[in-house]
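Each step along the sequence shown adds one to the number in numbering that gives the first Met the number 0, with nothing skipped, and position 98 is 97.
Just so you know, even glycine gets a beta-carbon here, dropped at the ideal spot from N, CA and C.
Working notes, beginning with the structure itself.
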Amino acid sequence: MSHQTMMGRSLQAAWRCLLLFLFGLGGSLAHAQAPAQEQALTRTARDAQLKWGPCPPFLPKGCGIAVLHGDPAKDNVDVFLKVPGKSTLPLHWHSSAERMVLVAGELHVTYDSQKTAVLKPGTYAYGPAKRPHKGFCASAVPCVLFIAFESPLDAVPIEGTEK
């Protein structure tokens, strides 16, 4: 075997070793930098593990909020909002945009200067930050709304509105 052939094979072997080392190092660094493993979860609106807390006082009696993920005092929190059937959500706004999906009931939502939207189970809705809006749970059963807030959870009533 010629000296050039042996040198070519040695060079190829060296390249393979270097590539394997670099791929291994890259994988190790990626694994070392990965955040702590967060647990996946699923919830339904009827989940017995949900902890329903009170709504702000301006919202209808019997209203409840269950935190699904995150901290209401921090960015990126997901909640279920439950309001009794045939109840009104007075005019209010949020500091955050809200992304919503109606889970149960029929909810009529009206944003300032827009037509009323009728949400039925499975309907997605987006509400811009600080845009005043009101709602009415038109169904006899409670309306349950999944809401994802980008900023900490708040609801600011507009003066002169009633429950």
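Buried/exposed call for residue i, threshold 16 Cβ in 10 Å
i: Ser-95; result: buried
i: Trp-51; result: exposed
i: Leu-19; result: Its pLDDT being 42, under 50, Leu-19 is placed unreliably in this model, and the value from its coordinates should be taken loosely. Result: exposed.
i: Leu-106; result: buried
i: Val-108; result: buried
i: Gly-61; result: exposed
i: Lys-81; result: buried
i: Leu-40; result: exposed
CA-to-CA distance, residue j to residue i, given in whole angstroms
i: Phe-57; j: Cys-136; result: 16 angstroms
i: Glu-158; j: His-68; result: 31 angstroms
i: Lys-151; j: Ala-139; result: It is Pro, not Lys, that sits at residue 151 in the sequence shown. Taking the straight line from one Cα to the other gives about 31 angstroms.
i: Ile-64; j: Thr-87; result: 16 angstroms
i: Arg-98; j: Thr-122; result: 11 angstroms
i: Ala-47; j: Trp-92; result: 30 angstroms
i: Ala-103; j: Gln-36; result: 32 angstroms
i: Arg-42; j: Pro-89; result: 28 angstroms
i: Gly-84; j: Gly-134; result: 12 angstroms
i: Leu-118; j: Gln-38; result: 31 angstroms
Unbroken beta strand (DSSP E) run spanning residue i, endpoints
i: Arg-98; result: 97 to 103
i: Val-108; result: 106 to 110
i: Phe-79; result: 76 to 82
i: Leu-144; result: 142 to 148
i: Gly-63; result: 63 to 68
i: His-93; result: Per DSSP, His-93 belongs to no beta strand (DSSP E) and is neither H nor E.
i: Leu-118; result: 116 to 118
i: Phe-135; result: 132 to 136
i: Pro-53; result: 51 to 53
i: Gly-126; result: 123 to 126
Of the residues the options, the one placed nearest residue i, counting alpha carbons only
i: Tyr-110; options: Pro-156, Lys-73, Val-155 and His-132; result: His-132
**Asked** Is there contact here, the stretch 45 to 57 with the stretch 118 to 138, by at least three beta-carbon pairs under 8 angstroms?
**Response** no
**Message:** Quick check: the stretch 62 to 77 against the stretch 140 to 148, are at least 3 beta-carbon pairs closer than 8 angstroms?
**Reply:** yes
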